[in-house]
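Number of protein chains: 2
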Amino acid sequence: MEFKDILKEKASFINKQLDRFVPNCIPEELSNAMRYSLEAGGKRIRPILVIESAKAVKEDVNVEDFIDIAISTEFIHTYSLIHDDLPAMDDDDLRRGKPTCHKVFGEAIAILAGDGLLTYAFEVISNNKKLSAEKIVKVINILSHNVGIYGMVGGQAADILPNFKDVEFIHLNKTAKFLSACCQIGGVLADATEEEILKLKNYGINIGLAFQIWDDILDEIGDEEKAGKRLHKDKDKNKITYPSLYGLEKSIQIAKDCVEKAKNEIRDLKKPEFLIKLAKYIISREV
Amino acid sequence: MEFKDILKEKASFINKQLDRFVPNCIPEELSNAMRYSLEAGGKRIRPILVIESAKAVKEDVNVEDFIDIAISTEFIHTYSLIHDDLPAMDDDDLRRGKPTCHKVFGEAIAILAGDGLLTYAFEVISNNKKLSAEKIVKVINILSHNVGIYGMVGGQAADILPNFKDVEFIHLNKTAKFLSACCQIGGVLADATEEEILKLKNYGINIGLAFQIWDDILDEIGDEEKAGKRLHKDKDKNKITYPSLYGLEKSIQIAKDCVEKAKNEIRDLKKPEFLIKLAKYIISREV
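Just so you know, the sequences run in chain order A and B.
Per our numbering, numbering of the first sequence is gapless, rising by one per residue and ending at 287.
Per our numbering, numbering of the second sequence is gapless, rising by one per residue and ending at 574.
The following block contains the structure:
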């Protein structure tokens, strides 16, 4: 089986689990907007990272004990996409080939659907009754730190400010820290040692950087129809990217180096195979 | 000392404590926007409710053990104001007599400042090292439930939808549940019994409803200059309010009834005096 298909199988498992936790509230417009964006698809890479990082450090993890926590990372990812697509932000009309949330439900409901999904993630995590309170607090701490002002939100703010030129800061904060948080959380859930959690953290940062640099590259050379979204928008907006700074060839080399670092970090874990394959896969994507 | 001045003194204590936790991040535009809105003033009623609810059930509470948690409720309140004021939502240019966040920093940074404050609240709470993990999880659960899709976010969504006509649902969810959550959290922090927490919960719901109905009334009869914000906007927008549904006199009676219910709920707690005075104060406000 190709790794691409293994990933698809895992994403389809996540989609089934997601159904159990999709929020349902009043007013129904809010519910519909959240569901619309959650069900728009995607690779579900964050929940997969939580589960696979746990499996990398411990053989007999019971995924059912923390599936709610894994799914919550997808709530947060979806909130970030909804807000990023808003007219005041990246102003995107299409996401995964479908109209963006605000295009369908209006800006106000889209803002609230994002706020709602972010808050709901913490509600779902704090509702978990199977894990110790110590683990839950640690998970919430890692997650809120890395998706907040010292992570994703800070990275997104830097990304939209025209005078902010540090592209590594942007990629690290906007993308890599959240992916890294998912890896760390998997470690915490599987009773990893501090040393193992640090390895997972570094692995996550490096695949995150590789992922985002590769996205920059695909944005420059990819096929818009295959991608299901507008490409070349970085160039259109005069954004600084890795290819614009270093050229295509050097950018590819930097992404490859990140993948090497990521693999080296975790190769001593008990079962690192999946994470190693994932790291390699990131820089083989074609759209 | 008049109760109004007692409240001012407590708000000034909260303002001093807030300084210790004001977030500071890169990019500085994001930091500045969060600080601007946090320092725009306000009654700080939510942190006060956390602290006073704890004191109502237990004589020797150590406020320093949970001041971070109390302050976090103000982060969440401030995020909700920033997002509510956005052009796509209530479209307000002034808040407490000052230009709103998006007027000063632009819409994109305002959206992110809100997202950042919301996430930072959970980071600060999960950073607390003085309380048991069990208490922290309970606090996060109560808070996220009541400010999310089953509370404040749901209420705000209902409020902006022109076809949503249930004003009690809106007030209950948009305002009362968050205030009630603060009271419950105070109880949890002070080791209240389940019964005491239920009393605090009901107290909070009732003062919340009274507060919002009174705001409806003041929006109709208040003085715009004194209030430091645009009034009569409910009428301008053809929003359903208590006065528009029941008339002024009956609305005042409903608010008074809520205050009576609130007082009755908590009069058997160990030290209910402050909470009783606060309930009465809510329907004596003049702007």
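All C-beta atoms in this analysis are idealised placements derived from N, C-alpha and C, irrespective of residue type, glycine included.
Just how far apart, CA to CA, sit residue i and residue j?
i              : j              : result
F75 (chain A)  : V391 (chain B) : 30 Å
V61 (chain A)  : I6 (chain A)   : 19 Å
E339 (chain B) : C469 (chain B) : 10 Å
K567 (chain B) : V546 (chain B) : 6 Å
T274 (chain B) : M321 (chain B) : Summary: the structure shown does not reach residue 274 (chain B), with chain B confined to residues 288 through 574, and so no result is reported for it.
G116 (chain A) : V411 (chain B) : 19 Å
A444 (chain B) : I266 (chain A) : 45 Å
N428 (chain B) : A113 (chain A) : 19 Å
D503 (chain B) : I527 (chain B) : 10 Å
L556 (chain B) : A395 (chain B) : 46 Å
E28 (chain A)  : N450 (chain B) : 12 Å
L459 (chain B) : L496 (chain B) : 6 Å
E273 (chain A) : K174 (chain A) : 27 Å
A341 (chain B) : V153 (chain A) : 33 Å
S12 (chain A)  : I48 (chain A)  : 11 Å
I494 (chain B) : A549 (chain B) : 6 Å
V309 (chain B) : K277 (chain A) : 42 Å
S467 (chain B) : L476 (chain B) : 14 Å
K417 (chain B) : F353 (chain B) : 8 Å
I25 (chain A)  : K297 (chain B) : Ile is not the amino acid found at residue 25 (chain A); the sequence shown has Cys there. Distance between the alpha carbons of C25 (chain A) and K297 (chain B): 36 Å.
D90 (chain A)  : P243 (chain A) : 20 Å
G509 (chain B) : W501 (chain B) : 10 Å
K4 (chain A)   : P374 (chain B) : 43 Å
D544 (chain B) : L485 (chain B) : 19 Å
M1 (chain A)   : K8 (chain A)   : 11 Å
H370 (chain B) : K385 (chain B) : 16 Å
My assumption, with CB atoms under 8 Å, is that residue i sits in contact with residue j. Please give the rounded CB distance.
i              : j              : result
L18 (chain A)  : I71 (chain A)  : 6 Å
N415 (chain B) : D478 (chain B) : With a Cβ gap of about 16 Å, N415 (chain B) and D478 (chain B) do not count as contacting.
I111 (chain A) : I398 (chain B) : 7 Å
R46 (chain A)  : F178 (chain A) : 7 Å
A420 (chain B) : A121 (chain A) : Going by Cβ atoms, the distance from A420 (chain B) to A121 (chain A) rounds to 19 Å, so no, they are not a contact pair.
V337 (chain B) : G473 (chain B) : 5 Å
Residue i lies in the alpha helix (DSSP H); which residues open and close that run?
i              : result
P530 (chain B) : Y529 to I553
R285 (chain A) : Neither: R285 (chain A) is in no alpha helix (DSSP H) and is coded neither H nor E.
C183 (chain A) : K177 to L189
L505 (chain B) : E481 to I508
P47 (chain A)  : I45 to V57
M152 (chain A) : M152 to I160
A40 (chain A)  : First-last for A40 (chain A): undefined, no H or E at that position.
C388 (chain B) : C388 to F392
R20 (chain A)  : F3 to F21
F456 (chain B) : V454 to H458
F362 (chain B) : I354 to D372
I142 (chain A) : A133 to V147
When we look at the beta-carbon of residue i and count the other beta-carbons within 10 Å, is it buried (16 or more) or exposed?
i              : result
T387 (chain B) : buried
K138 (chain A) : buried
G491 (chain B) : buried
R307 (chain B) : exposed
G442 (chain B) : buried
D372 (chain B) : buried
I365 (chain B) : Residue identity check: residue 365 (chain B) is Thr in the sequence provided, not Ile. The residue is buried, with at least 16 neighbouring Cβ atoms inside 10 Å.
T119 (chain A) : buried
D93 (chain A)  : exposed
K537 (chain B) : exposed
G247 (chain A) : exposed
E483 (chain B) : buried
On a Cα-Cα basis, can you pick out the residue from the options that is closest to residue i?
i              : options                           : result
S284 (chain A) : A:I252, A:P47, A:L189 and A:M1    : A:I252
K330 (chain B) : B:I484, B:A375, B:I301 and B:D478 : B:I301
K303 (chain B) : B:L325, B:L487, B:N450 and B:D446 : B:L325
G328 (chain B) : B:I423, B:R382, B:P449 and B:S318 : B:R382
E455 (chain B) : B:K291, B:A542, B:P334 and B:E421 : B:A542
L245 (chain A) : A:E195, A:V63, A:F3 and A:K165    : A:K165
L448 (chain B) : B:N525, B:N311, B:G473 and B:D352 : B:N525
D219 (chain A) : A:E286, A:L189, A:F3 and A:G97    : A:E286
L200 (chain A) : A:W214, A:H145 and A:N264         : A:N264
K558 (chain B) : B:V344, B:E296, B:S318 and B:E289 : B:V344
G106 (chain A) : A:F122, A:N32, A:E64 and A:S126   : A:N32
I457 (chain B) : B:Q471, B:G473, B:V434 and B:G474 : B:V434
Y323 (chain B) : B:M288, B:E346 and B:L368         : B:L368
I136 (chain A) : A:D159, A:Q184, A:A176 and A:G97  : A:Q184
A463 (chain B) : B:K295, B:E351 and B:H432         : B:H432
H389 (chain B) : B:L317, B:D446 and B:N489         : B:L317
Would you mind telling me which residues of chain E sit closer than 7 Å to residue i, beta carbon to beta carbon, in chain order?
i              : result
I140 (chain A) : Structure shown: chain E not included; protein chains present are A and B.
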